[in-house]
Amino acid sequence: MNSFRLITTTSPWLILACLLAGALYAWLLYSKKSPWPASINYGLAALRFVVVSIVAFLLLGPLVRYLKNTTKKPLVVFAIDNSRSVSLFTDSVQLRQTQEGLQSILTKLQTENFDTQVRLLQPDENPTNLNQVTFTGQTSNLSQLLMSVQEEFVQENLAGVVLLSDGIVNQGISPAQSGYTHTLYPVAVGDTIPKKDIILASLRYNKVNYSGTRFPLEAEVQHVGFGGATATVVLKENGNIIQRKSIMLKPNQPVQPVAFQVMAAGLGKRHYEVEILARPDEFTKLNNTKHAYIDVVKGKIKILVAAAAPHPDIKAMRAAIESNENYETDLFIPGLTLLKQQNYDVAVLHQLPGRTGGAEAVLNLVRNKNLPALYIIGPQSDLVAFNNLRLGLAITSNGQTDEVTGAINPAFKGFQLPEQADERMPQYPPALVPFGDYRIAGNSEIILYQQVGRVQTKKPLLTVHTSGDKRNAVLLASGTWQWRLSEAAEHKTPEVYDQLITNLIQLLNAPRNKKRLNVYPVQDEYTSTEEIRFNAEVYNEALEPVYGQNIALTITDVAGTTRNFNFANGENQSGVNIGTLPGGRYTYTASARLDGTLQQDKGEFIVEELQLEALNAVADHNLLYQLGANSGSSLYFPGTLAQLQTDILKADHKPVIYSAEELTDVIDLKWLFFVLLAFVSIEWFIRKYNGSY
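Everything in the sequence shown is counted per the working numbering, starting at 4 for the first residue and increasing by one.
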């Protein structure tokens, strides 16, 4: 029932003043003799009385209180666990009959003045009938299903939730740990009797491995009812068996590991498959296979550290470099160590080229292999020979030195140093640099400036020079070993020094990225239930980002099947959503035409197939019983659905009346404006029609 009530914000006696004002106005206007009959005169006076009285009343700021009552019928939600385990391990005839029985209860409740709703664990479908539900979900998160129902219908008269499930949970928390404000009516399906089965429960392996090394891949085999039998486990790559192992399934050991040693050959994504060869008496073969996706990368970055003579800087530099586990160093000092002819990635040359001989071999190696290098200048450096290398920095010095520390150049964006670098670097002990003039080429950048005491100069201390696809760096300081030692003494770890050196090595090792089109998946790995999204970056010739370019994307699986997509890159990185894909390794190519030139990019990503629903064939009816008992109901089975219907109806859930109060200023009522306008118009028309002026 709805109701209106008029509320005034002033004394009700002022209403009489409003009526008096209306009467006075009407008397003054219509008390004189008029050219129309008295009946019309009285009518016009009444109209004017009403209009003026209402307008005067509106000036008092009255309110309208509107009370709206809504009756909500009791609501029963049918929450269906439509995960794959329900259909895999429940008799198909029994499951179909259970669906029909629940649909019958749903229809009966509607005739008994109940509201009903259907919610699925995997909401990929929207069935109008419970008989249409298909059980294809790849995961079971019952807690999420039940809590989402409670949150969605918190404003409704939620009488109860009928939960159809096998009680198996493989994601999220246990639903028994959550509190529910309504009654749960669990309907149990599935089988609680353990099946005779062999299960490949999990794989353990490093997702990233170095090329040319062997890595362990360990499978965990579970079994039920096969004690004393033999199982054969095979390892496949690209469908071909590369290793085979037989194990005895021990009766008193339901879980057994099986370890493989695999050679990481080649580079890129590698797909391995571990399979337990099926036995004819197994309950199901769906849980006998798992996939491993390995990213094989180049081995450790090898850095050649060469010096004109022994120096403490060398030990500090090597310690900083090797703080990154992906880096390893070789040391060469003429006359003390031998130069290994290896495929080095970066060179660190301490006071080379030098004034003394013996280092020609390492300089030739750097030149012939075109290695990026960090040149460290010191008292034994040959500055003339150094300038002839044309590394973007020319030094003119008379042999004098200066003592400086480093100051970070905020304009350098090649890499980031820790936040505490600005605080720690000025505290380093001074290092020696050549005192003189420095000429910097246009394709060089300053990473650190020289700072003398508290004064920051514009002279370079650390620079990086780019020539084509190669970078070289120059550190003008000798004695930086004190920097690392001082920072370690003051702050326990030389974090700033180590990161400066490792970031510099990484910058030298990375070739310049001249790609104008960069298309990439948001993640390197997905699961078969996740939607896959690609982003794109497009640059003009000045390597400035541009937007709105049309990009063609082609996805190819291992069988050669392609999927094509087109999208435009946006400033907000909206990218493109290509949906879900089956498990496997995929490659992609992308192309866009920029300024008449075709630009391309390519890469690969992994989609991991989830098999969670096939791992556990034993239903957990104890969990369902606990859910029902905690909310004051019982556990129901396909054969007791009639009792479920009786219990819901016997609970005598009543409709609930919800009241909503709304206060509105009378002056805001639009219809009142049109009523007053109509009265004034009628009065004006009658006066004009009867000859008023």
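Just so it is clear, CB atoms sit at the ideal spot from N, CA and C, and this is done for glycine as well. Just so it is clear, the structure is predicted and the values come from calculations on it, not from any experiment.
(request) Measure the CB-CB distance between GLY357 and ASN401 and report whether it falls below 8 Å. (result) Taking the C-beta atoms as reference points, ASN401 is found no nearer than 8 Å to GLY357.
(message) Helix, strand or coil for GLN178? Go by DSSP, reduced to three states.
(response) The sequence given here has Pro at residue 178, not Gln. Helix.
(request) Look at LEU145 and ILE83 and say whether their C-beta atoms are less than 8 Å apart. (result) Remark: C-beta atoms of LEU145 and ILE83 do not approach each other more closely than 8 Å.
(message) Please tell me whether VAL300 and VAL211 are closer than 8 Å, where the distance is taken between their beta carbons.
(response) Yes.
(message) Rounding to the nearest angstrom, what Cα-Cα distance links GLN141 and THR287 in this structure?
(response) Using only the alpha carbons, I get a separation of about 17 Å.
(request) Please work out which residues of its chain come closer than 7 Å, Cβ to Cβ, to GLN502, disregarding the five sequence neighbours upstream and downstream, and give them in chain order. (result) If we look at GLN502 and ignore the five residues flanking it on each side, its Cβ neighbours are LEU420, PRO421.
(message) Rounded to whole angstroms, what is the Cα-Cα separation between THR557 and LYS605?
(response) Taking the straight line joining both Cα atoms gives about 9 Å.
(request) Could you check which residue in ILE176, PRO65, VAL190 has the C-alpha nearest to that of PHE640? (result) Nearest option by C-alpha distance: VAL190.
(message) Just to confirm, is the Cβ distance from LEU203 to ILE279 under 8 Å?
(response) Result yes, Cβ atoms of LEU203 and ILE279 sit closer than 8 Å.
(message) Only counting the same chain, and skipping five residues up and downstream in sequence, which positions put a Cβ closer than 6 Å to that of ASN516?
(response) Unreliable placement is indicated for ASN516, whose pLDDT of 49 sits below 50; the coordinate value is still reported in the next sentence. So the list is empty, once near-sequence residues are dropped.
(message) Rounded to whole angstroms, what is the Cα-Cα separation between PHE92 and ARG68?
(response) Those two C-alpha atoms are separated by around 59 Å.
(message) So, with DSSP's three-state summary, where would you put GLY439?
(response) Strand, per DSSP.
(message) So for ASN633, helix, strand or coil by DSSP?
(response) Per DSSP, reduced to three states, the secondary structure at ASN633 is helical.
(request) Report the partner residues of PRO189 according to the DSSP bridge assignment. (result) The beta-bridge partner set that DSSP reports for PRO189 consists of LEU166.
(message) Please report the distance separating the alpha-carbon of LEU148 from that of LEU124.
(response) Rounded to whole angstroms, LEU148 to LEU124 spans 6 Å at the Cα level.
(request) Take every Cβ of the region 308 to 327, pair it with every Cβ of the region 478 to 487, and state whether three or more of those distances are shorter than 8 Å. (result) With the cut-off at 8 Å, the region 308 to 327 and the region 478 to 487 touch.
(message) Only counting the same chain, and skipping five residues up and downstream in sequence, which positions put a Cβ closer than 7 Å to that of GLN113?
(response) Answer for GLN113: THR119, listed in chain order.
(message) Do GLY578 and ASN553 count as a contact pair if the criterion is CB distance below 8 Å?
(response) No, these two residues do not count as a Cβ contact at 8 Å.
(request) Ignore the nearest five residues each way along the sequence and tell me which others in ASN693's own chain have a CB closer than 7 Å to its CB. (result) Result list for ASN693: PRO38, TRP39, ILE43, in chain order.
(request) Taking all protein chains shown into account, decide if ARG99 is buried (16 or more other Cβ within 10 angstroms of its Cβ) or exposed. (result) Label assigned to ARG99: exposed.
(request) Figure out for me which residue from ASP333, TYR441, SER214 has the closest Cα to the Cα of LEU394. (result) Measuring from the Cα of LEU394, the nearest candidate turns out to be TYR441.
(request) Please state whether DSSP places GLU607 in a helix, a strand or coil. (result) GLU607: strand per DSSP, three-state reduction.
(request) Please confirm whether ASP385 and VAL436 have their CB atoms less than 8 Å apart. (result) Cβ atoms of ASP385 and VAL436: not closer than 8 Å.
(request) Spatial neighbours of GLU159 within its chain, please: CB distance less than 7 Å, with the 5 preceding and 5 following residues excluded, ordered by chain position. (result) Closer than 7 Å at the Cβ level, and outside the excluded window around GLU159, lie LYS75, LEU78.
(request) Give the secondary structure of ILE504 by DSSP, where H, G and I count as helix, E and B as strand, and everything else as coil. (result) The answer is helix: DSSP assigns ILE504 an H, G or I state.
(request) Note down the Cα distance separating ARG282 from VAL227, rounded to an integer number of angstroms. (result) One C-alpha to the other measures close to 13 Å.
(request) Say whether the region 669 to 680 touches the region 51 to 63, bearing in mind that this needs 3 or more beta-carbon pairs closer than 8 Å, one atom from each stretch. (result) By the criterion of at least three beta-carbon pairs nearer than 8 Å, the region 669 to 680 is in contact with the region 51 to 63.
(message) Suppose you measure from the CA of ALA364 to the CA of TYR330; what does that come to, to the nearest Å?
(response) Rounded to the nearest whole angstrom, the CA to CA distance from ALA364 to TYR330 is 23 Å.
(request) Look at ALA362 and ALA311 and say whether their C-beta atoms are less than 8 Å apart. (result) A contact, by the Cβ cut-off of 8 Å.
(message) Closest to ILE324 by C-alpha separation, out of LEU510, VAL621, LEU133, would be which residue?
(response) Among LEU510, VAL621, LEU133, the Cα nearest to that of ILE324 belongs to LEU510.
(request) Look at the Cβ atom of THR184, then the Cβ atom of TYR661, and state whether they are nearer than 8 Å. (result) Using a Cβ distance threshold of 8 Å, THR184 and TYR661 do not count as a contacting pair.
(request) Along the beta strand (DSSP E) that carries VAL561, what are the first and last residues, could you check? (result) That residue, VAL561, is in no beta strand (DSSP E); it is neither H nor E in DSSP.
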